[in-house]
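Numbering (this note's numbering), first residue to last: 5 to 260.
From the three backbone atoms N, C-alpha and C, an ideal C-beta is built for every residue, glycine too.
One structure below.
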Amino acid sequence: MNNKENVTHTFRDYELSVFGLSSSIADPSEMKPYEKWTYGIKGKFRNLFPVFFPNKILQERSFRFDPDAYSFKGNGLAIGYWQSEKYFLDHAVQIRHDFIFKENLSEQNEKLIEKIKSVRSFSMHVRRGDMVHLASAASFHGTCSPHYYHAAVELIRERLGDIELFIFSDDPEYVKETFQFDLPTTIISHNTGKKSFEDMRLMSACKHHIIANSSFSWWGAWLNPDPDKIVIAPKQFFVKPDIDTTDIIPESWLRI
Numbered sequence: 005m006n007n008k009e010n011v012t013h014t015f016r017d018y019e020l021s022v023f024g025l026s027s028s029i030a031d032p033s034e035m036k037p038y039e040k041w042t043y044g045i046k047g048k049f050r051n052l053f054p055v056f057f058p059n060k061i062l063q064e065r066s067f068r069f070d071p072d073a074y075s076f077k078g079n080g081l082a083i084g085y086w087q088s089e090k091y092f093l094d095h096a097v098q099i100r101h102d103f104i105f106k107e108n109l110s111e112q113n114e115k116l117i118e119k120i121k122s123v124r125s126f127s128m129h130v131r132r133g134d135m136v137h138l139a140s141a142a143s144f145h146g147t148c149s150p151h152y153y154h155a156a157v158e159l160i161r162e163r164l165g166d167i168e169l170f171i172f173s174d175d176p177e178y179v180k181e182t183f184q185f186d187l188p189t190t191i192i193s194h195n196t197g198k199k200s201f202e203d204m205r206l207m208s209a210c211k212h213h214i215i216a217n218s219s220f221s222w223w224g225a226w227l228n229p230d231p232d233k234i235v236i237a238p239k240q241f242f243v244k245p246d247i248d249t250t251d252i253i254p255e256s257w258l259r260i
């Protein structure tokens, strides 16, 4: 897909190539049998009558863990976030091994990661971008409030005392205007475009995490293998409070 915005979605490039994965990309001929049944009227028909599409297209029904997903075998198309640790917890060690960033660090990022590893570091992700400027994303996802971040920092300081914050954001000016914490703080915003993945690498190197309602910082925190890490996540992941996000946040993480 092209990395461009339309009125309802922000399309993303394929970026798993930054990891040391052994994987292949489906070519157009392999995707063609599924495309016409994916979206639009035919997509709605497929959702209403899934019995006609056994083991061909698997659509995530909600953000809850769905054990029926394990029955999906062979060639097919899986559509969804599948963002619950319950799907892959038994393979966590292997996944963290596979999701190692293979590119060498730039000099700037190498200095940052050395600093991150030398202090009691906390990553804090302030996601803005399309969550603010794209109407459909703003109405569905929304953004975390300043109150959430302040409460998270206070909770951390109560538990750990002195910490050092590393704030990752696509809107550094907003961060500077909104947050003035009385503790050492580094704002990181230079990893843009095709180098955005470097933020996830730096996040995962931090000892603890404050994530946004974002899969990007979710994975940044999850890839940290330390069993003693503290991860703080927003209790409400989407604008509508009735969307069930029970299984998105791992049980060991804190929700506020």
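Can you tell me whether residue i is buried or exposed, with buried defined as 16 or more other CB within 10 angstroms of its CB?
| i | result |
| --- | --- |
| Gly224 | buried |
| Pro245 | exposed |
| Phe92 | exposed |
| Ile215 | buried |
| Ser110 | exposed |
| Arg65 | exposed |
| Ala209 | buried |
| Ser127 | buried |
| Thr250 | exposed |
| Asp203 | buried |
| Val97 | exposed |
| Ala156 | buried |
| Tyr153 | buried |
| Ser221 | buried |
| Ile120 | buried |
| Ile167 | buried |
| Ile160 | buried |
Between the C-alpha atoms of residue i and residue j, what's the straight-line distance to the nearest angstrom?
| i | j | result |
| --- | --- | --- |
| Glu89 | Leu227 | 11 Å |
| Pro231 | Asp175 | 31 Å |
| Pro229 | Gly146 | 29 Å |
| Arg124 | Lys211 | 7 Å |
| Glu114 | Arg16 | 27 Å |
| Gly78 | Leu20 | 22 Å |
| Asn7 | Tyr178 | At Asn7 the pLDDT is 41, less than 50, meaning the model places this residue with poor confidence and gives no usable figure here. |
| Asp248 | Gln112 | 40 Å |
| Gly84 | Leu116 | 34 Å |
| Phe183 | Ser218 | 19 Å |
| Met35 | Tyr74 | 22 Å |
| Tyr38 | Leu25 | 25 Å |
| Gly165 | Asp186 | 12 Å |
| Ile99 | Val130 | 26 Å |
| Ala30 | His213 | 34 Å |
| Leu206 | Ser33 | 37 Å |
| Ser256 | Glu162 | 18 Å |
| Asn195 | Tyr18 | 17 Å |
| Glu181 | Glu118 | 27 Å |
| Asn108 | Glu158 | 35 Å |
| Phe76 | Phe241 | 27 Å |
| Ser122 | Ala82 | 41 Å |
| Leu258 | Pro150 | 17 Å |
| Ser28 | Ile104 | 17 Å |
| Arg132 | Val243 | 14 Å |
Please look up how many angstroms separate the CB atoms of residue i and residue j, rounded, as I've assumed it's under 8 Å.
| i | j | result |
| --- | --- | --- |
| Phe23 | Asp102 | 7 Å |
| Gly80 | Lys60 | 5 Å |
| Ile234 | Ile260 | That pair is no contact at about 12 Å. |
| Gln264 | Ile252 | Only positions 5 to 260 of the chain appear in this structure, which leaves residue 264 out of reach. |
| Cys148 | Pro238 | 5 Å |
Residue i: beta carbon under 7 Å from a heavy atom of the ligand ATP?
| i | result |
| --- | --- |
| Gln240 | Ligands in the displayed structure: none, and consequently the ligand ATP is not present. |
Answer with yes or no whether the minimum CB distance from residue i to chain D is below 8 Å.
| i | result |
| --- | --- |
| Ile260 | Among the protein chains of the structure shown there is no chain D, as only one such chain exists. |
For this session: Report yes or no: do three or more beta-carbon pairs, one from the stretch 68 to 85 and one from the stretch 193 to 200, lie closer than 8 Å?
Result: Not touching, per the Cβ criterion.
Exercise. Fully enclosed by the stretch 139 to 213, which alpha helix (DSSP H) runs are 4 residues long or longer?
Worked result: Within the stretch 139 to 213, the complete alpha helix (DSSP H) runs of at least 4 residues are 139 to 144, 150 to 164, 176 to 182 and 201 to 209.
Exercise. Taking contact to mean at least 3 C-beta pairs separated by less than 8 Å, is the stretch 152 to 171 in contact with the stretch 180 to 195?
Worked result: The way I'd put it, the stretch 152 to 171 does touch the stretch 180 to 195; three or more beta-carbon pairs between them come closer than 8 Å.
Exercise. Taking only runs of the beta strand (DSSP E) that begin and end inside the stretch 105 to 137, which ones reach a length of at least 3 residues, in chain order?
Worked result: Counting whole runs of 3 or more residues, the stretch 105 to 137 contains the beta strand (DSSP E) stretches 125 to 130.
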